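Reviewing the structure listed below.
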Amino acid sequence: MVHFMSGVSVDVDDEFWNDSNVSSFCFDDFPSDTAKIIEEIGAELNKLDLNSIDDEELCLFCGDHLTSSFNDEASSVSNSQTPSDLRSISSETTEQRTTPLSVQATQPDSDDYKRLQAECSRLRSKWTELQCRLKQEKYYAPDFEETIGRLATGEIYIFQYYRRLSDKKKLLKTAIDFGDGDAICCVVLFLERTLSPVVFRQLLLEFPPAVSHYIFYLKQLSMHDKLSELLLSLGLVEQLAAVEVSRICSEKNAESKIALLRKALAGGVFSDQSLNEERIFLNSYADLLEHQLPIDAADNNARVEGNLKNEVSVVDSSVLETLMYCCRLHYELPSNSLASPLSIRNKFGLTEQQFDWIAIRALAERQQWSEIQKLLLRKGLFGKQKLKLPISCEQLLNVLYSNGATASVSSMSSNVLILIGLKDRLELLKYMATLSPSSVELSTAETALTNSTEQAIFIFVFSFSCMAFANHNQLLSALGLSEDKIKETLRNETLTASLSNIANQALKITDGKLSESQGKLLYQTATRLKKQCMQHADLLIEEICNNRLENDLQLSAALQFLLSHAASDFNKAQFEQACGIGVKVTEEQIEDTVASVIKANEEKLQLMRYKFPISSLIAEVRKVLPWADGSKLKKEIDMQMLILLGPKTLDDMQSGKKIPSKVMPKEKLKTKEIARNEESEFEGAATIEELMKTKAHFHKPGENYKTEGYVVTPKTMDLLKRHLQITGGKVVTRFPPEPNGILHIGHAKAINIDFGYAKAHGGICYLRYDDTNPEKEEERYFTAIREMVEWLGYTPYKVTHSSDYFDQLYEYALELIRRGYAYVCHQKAEEVKGINPTPSPWRDRPIEESLKLFEDMKNGMFDEGAATLRMKITLEEGKVDPVAYRIKYVPHHRTGNKWCIYPTYDYTHCLCDSIENITHSLCTKEFQSRRSSYYWLCNALDLYCPVQWEFARLNVHYAVISKRKIIKLVQENFIRDWDDPRLFTLTALKRRGFPPQAINNFVAKMGLTTALTSVDPMMLEACVRDVLNVTAPRHMAVLKPLKVRIANLVELPKTVEVPDFPNTLSDKSTGKHHVQFDSTIFIEADDFKEHADDKHFKRFTSTQTVGLKYVGLVLILQEIKKNQMGEFVELIVKVEKLTEQNKPKCFIHWVAKPISCEVRLYERLFHHRNPEDSNEVPGGFLTDINKNSLHVINDAYIDESLRRCAKVESRFQFERVGFFVVDPDSTDTKLVFNRTVSLKEDVRKT
């Protein structure tokens, strides 16, 4: 059996239709009559036995195939639309179909075959006719305007006849032209169901109005997934981003919203470069929510405890609304607190005008006029007050007046100011007529009439100042302060404002009355409460005013408790328990406890009577009654001691008297007084260890949050906990020098503090080279730095380099950019210098763009100076957006050419400290302005943040320590090199013979003061003498030799025993050496005068004898030999043995059989104390050079015994001359000595 196959080509439009996998709309779900008839004819044809007929002769369509081909189309055709002629064909065919077509196989020429062939021809003709009619029926499309009109008017309409793609396009275009949104939407939905997705999207792209209506439809039904898929497929990323933002913002839970925001920012549609602004917005929104949540949590706790009456939540409010909220409730908090308005301004980049306007409105509501005054009156360039208005005068006056700004001003002043504010000239003139000619009000009004509105506002603010001053006086007086104390307090604006706010709040609680004890406690609260605990000020004020905190002891406990919980939550019960609130100590308890303590110490009391330390008794009672009132406790102890010991006797009342000091010469008295005054400026110690244990009041490891100014974040405690696990609770410090020069005396202080503090507390200290500036670094500096650290007596726990962390620092920089805290900038170096540089036009560039450019910087795509990475922060010193990375095409001594970008100090310093888990970042005072960026950067990256402590830099007078200036001195041949003994580099001091112990002791004496420290070199020299006096052995040397020949025949010793140290130094008393003696000796030329005109000269003269040290001989002059110049060349003397009768006034040193050596005597290199100060030295430091700072003696004499023990860097005391050290220039044939310091008292002058 052969089935009939279709021989008709498929219409092109059918391809579109058949591509759809969605059925069309079907109102009449049954086949049309024509389709049924064709199906029946096809079935009859298939029943015919046509095996003998050639396939080529029969080109009939099989009914089954035809039916299946048009199944979907035919099934949707209405019966009412079937043509009438098809019905006749249908009945005719039905009649023919009643006769079975059972034909036997016959021969081609048989009658049956011919009959069958005729029947097939007839059926084929009929089938072809029906096929044409069916095709017309299939593509029959009603009038487009009529269909859309029916749809728009609410009548019945049918879309099933629009089967061609061209008809569907025309239908959609007709709907758009008609302008009815519902019609457009219905057509679009019809197309969506009847076209494949690809064709449907292509069609939408041709008709933008259709897209808009379809998007609106999906939005109305909240079909977000389908809408996102559509927008993404159409490439409408901006609208897709808006949908995503709308979906995220519809989330009610803030934490879930943050998670959605971070997820959206991590990838997806917002990675598109065209959505940078949206990405910045979402990132800021997430940051704002993260900032708001902890504020809201803390405020909720305060509301529960009754410390906050405001019921409004800050979560999900705008930046300006958040700022207003925090100005209203938390204006006094320090900038490191999350709820501080300053913190919000800095983090979210609000302008000064925005901040001032919001702050003024909030402060006006709180009636804090003094704070408004500070905002309006700023100090100008030369310290003069300048009025700065963030808004118009009218707006400012309206805000101030609407909040009762003039309520505390006298009525006349109020009237004048109101009329000025309202600019009512006529009323002001009328009112002026009623004023006294000499009144301040009249003067104010006249000034306002003759000057600008701004000046009138200034007058108003000045009146504010007067009003605030009067308010301050009244509030401070309410605290019980005396007039003198009030005057003193008013000089401190910050303290005055704090006290006034506290007093104002307290007076509201107590109905305008404060007791003396309450006033004292409130004053202490204002002066002792740390900034990081400022949010709990209301709690303290309330407890004091309600007489629950009753004494200083309880207040101290409260302050300590709040400080220990600065970064953690607590409940009120914990606070009350820690402060002893509610604990009542009766007088009976005090009496009984004191009695037991007195009884326990009765024996000692009887022995020492009233000299027994009362403080120890109080301490013992405190162990039992920690919250007892101190005054009552002291009174009870005094009474019971009186009962036990009776009244004080004369001996009990006697006190030790100071022993008067000996009378000394005025010159010495003045010198000692100057030294005492200079030393009194420093709170030092004898040694570094003592200084670090007794004077260094730093925080304990892990208690970073207790330090002043430390920034606490929600992650602080977790980070500190992890930090303590790594360090084991040990102190960890570091000494981070830049290897671009030789260390100087100032570095010695830093070394001692960094290493000394760690050593004194059982910790460790790193030596970290800050090698981030390769063009200025040399290998010799690395070596010299470590040598000097070890020379001072310290061993680093580990030697590290900032370059060790270059890879990690780079990853941190990428993260900083991703978080929106850094950007690539193209401003030149000269454009960003100074306090108020031109704002960077690239500050708000897209994050993805900065990431790409930063990678280009790393890959060497920019010239030096063409791009930098800058951080979005303003330093305390006013520097805006400091540079984090810059380009330098210089090979690094450790990393080679791997990097062409190098991090700056501002970026590297704190991150390396964090990586190494430093507990105490100790640095000099000039880095105090960098502390804010130090804390900001660690917290911006959610890293552990060490605490930065500052100490004063050590400067020495008569010196320069600048590398550039020292190089200039070398180039100009004023000095030899970095180790020239006239300098104050550590290598120079070492060469000059300064012992490291002396330098360490000198640093200890200077203490840890933060005040600028500039000292005279004599203080350092005094420390050197103290050490050398007990470490440098004595030897005799003659610098200016004068020959002395003993003429008389007496028995002379060949050698003389000389002690290495005086007998007073018991630990060195056994040391001694032997020197040669001869009839010819040499003495100092300065020890002889032919005629002594000065009565104070007690040495050798023609009429005055002198003794020789250690020999026991007395010299008596017989003859003087002179040269042609009249100079002494030889003295002829006779000697006598020393007796009590001939004992001379003075003994001098000498040498016999001497050896020549070179001696270098050093003086100050500069004449003035501050050679770099142009006021002292207008011509510059090179003009201040002391040309006599070096005096070389080529032929000084020393004893043979000294040559035998002299080694390079060995230190000696040349008796009656000074302390000297062997210089490295010494050779086997000639020694060279440098004078370290002279003796404390030069006996040769007496």
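Residue numbers for the sequence shown follow full-length UniProt numbering, so the first one is 1 and each next one is one higher. Where a beta carbon is used, it is the ideal one built from N, C-alpha and C, also for glycine. Values in this document were obtained by computation on a predicted structure and should not be read as measured data.
- With a threshold of 16 other beta carbon atoms within 10 Å, T434 falls short and is exposed.
- In the DSSP assignment, L553 falls within the unbroken alpha helix (DSSP H) covering 552-564.
- Distance between L116 and R122, taken at the CA atoms: about 10 Å.
- For G630, no beta strand (DSSP E) encloses it; the enclosing alpha helix (DSSP H) starts and ends at 630-645.
- Measuring C-alpha to C-alpha distances from V1075 to each of N1029, R1216, I1198, V1106 identifies I1198 as the nearest.
- Along the stretch 895-928, the beta strand (DSSP E) occurs as fully enclosed runs of 3 or more residues at 901-903, 920-924, listed in sequence order.
- By the neighbour-count criterion, in which a residue is buried when 16 or more other Cβ atoms sit within 10 angstroms of its Cβ, F281 is exposed.
- Taking the C-beta atoms as reference points, G709 is found no nearer than 7 Å to P996.
- Of all C-beta pairs linking the stretch 558-573 to the stretch 526-535, three or more are shorter than 8 Å, placing the two stretches in contact.
- V1114: member of the beta strand (DSSP E) spanning 1113-1122, first to last residue.
- For M1006, no pairing in a beta bridge is given by DSSP.
- Following the DSSP letters along the chain, one finds Q367 in no beta strand (DSSP E), marked with neither H nor E.
- Counting of Cβ neighbours within 10 angstroms places Q220 among the exposed residues, the total staying below 16.
- The distance from the Cβ of T919 to that of T727 is about 7 Å, consistent with a contact at the 8 Å cut-off.
- 7 Å or more divides the Cβ of V712 from the Cβ of N917.
- In the DSSP assignment, M324 falls outside any beta strand (DSSP E) and within the unbroken alpha helix (DSSP H) covering 319-330.
- For L342, the CB contacts under 7 Å within the same chain, skipping 5 residues up- and downstream, are S335 in chain order.
- Secondary structure at G1126: coil, using DSSP grouped into helix, strand and coil.
- Sorting S556, V1159, F1214, A952 by C-alpha distance to the C-alpha of L1231 places V1159 at the top.
- Residue state for I975 is assigned as coil, using DSSP reduced to three classes.
- Every alpha helix (DSSP H) of 4 residues or more that sits fully in the stretch 929-991 is shown, in chain order, as 931-940, 963-971.
- Taking a 10 Å sphere around the C-beta of E371, we find 16 or more other C-beta atoms and assign the residue as buried.
- A contact is defined here as three or more CB-CB pairs under 8 Å, and the stretch 1017-1036 meets this definition with respect to the stretch 1216-1236.
- By the criterion of a C-beta distance shorter than 6 Å, Y157 is surrounded in its chain by T147, R150, L151, once the five residues flanking it on both sides are discounted.
- For A822, the enclosing beta strand (DSSP E) starts and ends at 822-825.
- When C-beta atoms of the stretch 833-851 are compared with those of the stretch 770-788, fewer than three pairs fall below 8 Å, so the two segments do not count as touching.
- Annotated as proximal: H699 and T707, with beta-carbon spacing under 7 Å.
- For K173 and S246, the gap between their C-alpha atoms comes out near 31 Å.
- In the structure shown, L1012 adopts coil according to DSSP, grouped into three states.
- Closest option to T924, judged by alpha-carbon separation, among E603, A750, S515, G702: A750.
- Among the bridge pairs identified by DSSP, C1157 is matched with A1196.
- The way I'd put it, the stretch 1129-1143 doesn't touch the stretch 1201-1208; fewer than three beta-carbon pairs between them come closer than 8 Å.
- For A497, the CB contacts under 7 Å within the same chain, skipping 5 residues up- and downstream, are S370, E371 in chain order.
- Apart from the 5 residues on each side of it in sequence, P903 sits with its Cβ closer than 6 Å to the Cβ of T772, L809, Y885 in its chain, given in chain order.
- If only complete runs of 4 or more residues are kept, the stretch 806-860 shows the alpha helix (DSSP H) at 806-818, 847-858, in order along the chain.
- If only complete runs of 4 or more residues are kept, the stretch 1027-1108 shows no alpha helix (DSSP H) anywhere.
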